[in-house]
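Student: Counted from 1, the sequence shown has number 1004 at position 264 by the working numbering; the numbering is strictly sequential. Virtual Cβ for every residue (Gly too), placed ideally from N, Cα, C.
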Amino acid sequence: MEWEAELIFGLQRMSNGFTDAVFSILTYLGDELCVVAVMAFVYWCVSKKIGFRFLNVYFLSSAINVIIKAVVCRPRPYNAYPDKVTSIGGDTGGYSFPSGHTNNIATLSTLACLSFKDKLKVFLPVGIGVTLLVMFTRLFLGQHYFTDVVVSAALACGMVFLFNWLYGFLGDREERIGYVGVPVAVISTILICLLPVDGETRKHILEITGVMASVYIGYYVDKKYIGFNERADLKQNILKCLIGVSGAAAIYFGLRFAFIWDDTVYLLYGFLRFFFLGAWMSLFAPMIFKKLGLERETDEKIEERTQND
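1) Please list, in chain order, all residues of the same chain as Ala1072 whose beta carbon is under 6 Å from its beta carbon, the five residues on each side excluded.
2) Just the Cα atoms here: how many angstroms apart are Leu864 and Val870?
3) Taking 6 Å as the limit between beta carbons, can you name the residues of its chain near Ile824, skipping five residues before and five after?
4) Would the region 806 to 814 count as touching the region 1022 to 1033 if we require 3 or more Cβ pairs under 8 Å?
5) Exposed or buried, which one is Ile945 when buried takes at least 16 other CB atoms within 10 Å?
6) Could you check which residue in Val891, Arg753 and Thr941 has the C-alpha nearest to that of Ser839?
7) Just verifying my parser: in three-state terms, what is the DSSP assignment at Leu848?
8) Check for me: the alpha helix (DSSP H) holding Trp905 runs from which residue to which?
9) For the candidate residues Asp858, Phe763, Glu915 and Asp888, whose alpha-carbon lies nearest to that of Arg816?
10) Taking buried to mean at least 16 other C-beta atoms within 10 Å of its own C-beta, is Cys853 buried or exposed?
11) In angstroms, rounded to a whole number, what distance separates the CA positions of Val812 and Gly911?
12) Is the region 775 to 794 touching the region 873 to 889 in the sense that three or more CB pairs, one from each, lie closer than 8 Å?
13) Could you give the DSSP three-state label for Val866: helix, strand or coil?
14) Which of the three DSSP states is assigned to Gly984 in this structure?
15) Just to confirm the assignment, what range does the alpha helix (DSSP H) spanning Cys813 have?
16) With a threshold of 16 other CB atoms inside 10 Å of the CB of Val900, please say whether the residue is buried or exposed.
17) Who are the Cβ neighbours of Tyr1050 in its own chain at under 7 Å, not counting the five residues just before and after it?
18) Taking the alpha-carbon positions, what's the His884 to Phe837 distance?
19) With 16 as the cutoff for other CB atoms within 10 Å, does Ser849 come out buried or exposed?
20) Which word fits Leu879, buried or exposed, when buried means at least 16 other C-beta atoms lie within 10 angstroms of its C-beta?
21) May I ask you to report which of helix, strand or coil DSSP gives Gln883?
22) Between Lys1015 and Val920, how many whole angstroms is the CB-CB distance? I'm expecting something under 8 Å.
23) Tell me which residues share the same chain as Thr949 and place their Cβ nearer than 7 Å to its Cβ, disregarding the 5 neighbours each side in the sequence.
24) Quick one: is Asn756 buried, meaning 16 or more other Cβ sit within 10 Å of its Cβ, or exposed?
25) Return the chain-ordered ranges of every alpha helix (DSSP H) run that is complete within the region 753 to 840 and spans a minimum of 4 residues.
26) Mapping DSSP to helix, strand and coil, what is Leu1034?
27) Here's the rule I'm using: 16 or more other beta-carbon atoms within 10 Å means buried, otherwise exposed. How should Met875 be labelled?
28) Using C-beta distances below 7 Å, list every residue in its chain close to Val961, excluding the 5 sequence neighbours before and after it, in chain order.
29) Is it buried or exposed, Ser986, if we count other Cβ atoms within 10 angstroms and call 16 or more buried?
30) In three-state DSSP terms, what is Phe968?
31) Rounded to whole angstroms, what is the Cα-Cα separation between Met741 and Ala820?
32) Can you look up Leu995 in the DSSP assignment and give me helix, strand or coil?
33) Between which residues of its own chain and Asp1002 is the CB-CB distance below 7 Å, once the five residues before and five after are set aside?
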């Protein structure tokens, strides 16, 4: 819409080297790597159950966001109005509606508020503030329209409330969502490889289905057979984060240029790469943490050790 381009044009009047740099950095608060890193921390160090919910809702929300983008195909502001809007920080590619960064941060903020109600006085103002900040940066940088960020935030909040109700219904059987999730992820992967969709959409969908499938499997296996205890002291949590981030970085960057020699395998590259990332996050890293004793002893273990002594 013309008025939205005028709005961005007005915001970009304060563009200079300093503001461009600051908002280009702040927009990464809504980047998928930043958001997933926070969720991984929750999974490893705070609450495995809440972390699983975070990851599941986030990737489902992201999938819906990508699908809507592919259906609507709204050009980004700097493409539609090159005479008024500048892409600050470089072109990002893909479509404009709805905003992925806004979806990411709004999903995380809403999940945090609903999952940690005892800290709502902190999480609510911080979540609202950070979400509005990311929304503003997407406008200022010329990547999205006003309606892109507003609708994206609303959709993200709606998705979180919907799945929060679903998890409340499942209770302690939340791993059973994988009974549906894994087949859906596999079928979606096959379909997206066969359907004539653009490369950017295919890439994002394969990444999402890959990580969703492995997180469902990893969480189920851990809960049923491994029993990683996420509770730990500060030193143990620091070590877990160092090991976990190192392993994730090795997979993420190590496989970044893998399989380029074969078109068929390269088509599944996004799926495989993020499948391994999800498996590391939900299964292999917790297995290593447990093996190294990076967890607080449960009351049952303390009682057992006392009896043996």
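Tutor: Result, derived from the coordinates:
1) Beyond the ends of the chain as shown, which are 741 and 1049, falls residue 1072; an answer cannot be given.
2) Stepping through the sequence shown from its first residue, residue 864 is reached at position 124. Stepping through the sequence shown from its first residue, residue 870 is reached at position 130. Distance between the alpha carbons of Leu864 and Val870 is about 10 Å.
3) Position 84 of the sequence shown, counting from 1, holds the residue named residue 824. Residue identity check: residue 824 is Lys in the sequence provided, not Ile. So the list reads Ala745 and Phe749, once near-sequence residues are dropped.
4) no
5) By one-based count along the sequence shown, residue 945 stands at place 205. Ile945 comes out buried.
6) Within the sequence shown, numbered from 1, the residue matching residue 839 stands at position 99. Considering only alpha carbons, the answer is Val891.
7) As a position in the sequence shown, residue 848 is number 108, starting the count at 1. The answer is helix: DSSP assigns Leu848 an H, G or I state.
8) Translated into the one-based positions of the sequence shown, residue 905 becomes position 165. Residues Phe886 to Leu910.
9) Here residue 816 refers to the residue found at position 76 when the sequence shown is read from its first residue. Nearest to Arg816 by C-alpha distance, out of Asp858, Phe763, Glu915 and Asp888, is Asp888.
10) Numbered from its first residue, the sequence shown carries residue 853 at position 113. It counts as buried.
11) Residue numbering aside, residue 812 sits at position 72 when the sequence shown is read from its first letter. Residue numbering aside, residue 911 sits at position 171 when the sequence shown is read from its first letter. The alpha-carbon atoms of Val812 and Gly911 are separated by roughly 36 Å.
12) A contact is defined here as three or more CB-CB pairs under 8 Å, and the region 873 to 889 fails this definition with respect to the region 775 to 794.
13) Within the sequence shown, residue 866 is the residue found at index 126, counting from 1. DSSP places Val866 in helix when its eight states are reduced to three.
14) Taking the first residue of the sequence shown as position 1, residue 984 is located at position 244. If DSSP states are grouped into helix, strand and coil, Gly984 belongs with the helices.
15) As a first step, residue 813 is located in the sequence shown; it is residue number 73 there, counting from the start. Premise fails: Cys813 is in no alpha helix (DSSP H) and is neither H nor E.
16) To locate residue 900, count along the sequence shown from 1; it is residue 160. Flag for Val900 reads buried.
17) This structure cannot settle anything about residue 1050, because the visible part of the chain is limited to 741 through 1049.
18) Start at 1 with the first residue of the sequence shown, and residue 884 comes out as number 144. Start at 1 with the first residue of the sequence shown, and residue 837 comes out as number 97. In this structure, the CA atom of His884 is about 7 Å from the CA atom of Phe837.
19) In the sequence shown, the residue the question calls residue 849 occupies position 109. So Ser849 ends up on the buried side.
20) The residue labelled residue 879 in the question sits at position 139 within the sequence shown. Its Cβ being crowded by 16 or more others within 10 Å, Leu879 is buried.
21) In the sequence shown, counting from the first residue as 1, residue 883 sits at position 143. Coil at Gln883, not helix or strand.
22) Counting from one through the sequence shown, the residue named residue 1015 turns up at place 275. Counting from one through the sequence shown, the residue named residue 920 turns up at place 180. Lys is not the amino acid found at residue 1015; the sequence shown has Phe there. For a cut-off of 8 Å, the C-beta gap from Phe1015 to Val920 is around 18 Å, too long to register as a contact.
23) In the sequence shown, counting from the first residue as 1, residue 949 sits at position 209. Cβ within range, chain order: Ala925, Ser928, Thr929 and Phe1011.
24) Here the question's residue 756 lines up with position 16 in the sequence shown. By the neighbour-count rule (16 or more Cβ atoms within 10 Å), Asn756 is not buried but exposed.
25) 757 to 766, 772 to 781, 788 to 812 and 817 to 820
26) If you number the sequence shown from 1, residue 1034 lands on position 294. Leu1034 carries a coil assignment under DSSP once its states are collapsed to helix, strand and coil.
27) In the sequence shown, residue 875 corresponds to position 135, counting from 1. The residue in question, Met875, is buried, as its Cβ has 16 or more Cβ neighbours within 10 Å.
28) Locating residue 961 in the sequence shown gives position 221, counting from the first residue. The answer, listed in chain order, is Leu1023.
29) In the sequence shown, residue 986 corresponds to position 246, counting from 1. When all chains shown are included, Ser986 counts as exposed.
30) Walking along the sequence shown from the start, residue 968 turns up at place 228. The answer is coil: DSSP assigns Phe968 none of H, G, I, E or B.
31) Position 1 of the sequence shown, counted from the first residue, corresponds to residue 741. Position 80 of the sequence shown, counted from the first residue, corresponds to residue 820. The straight-line gap from Cα to Cα measures roughly 10 Å.
32) On the sequence shown, position 255 is the one that residue 995 refers to. If DSSP states are grouped into helix, strand and coil, Leu995 belongs with coil.
33) As a position in the sequence shown, residue 1002 is number 262, starting the count at 1. Reliability fails at Asp1002, whose pLDDT of 49 lies under 50, so the model's placement of it is uncertain and the value that follows must be treated cautiously. Within the same chain, Asp1002 has no close Cβ partners at all.
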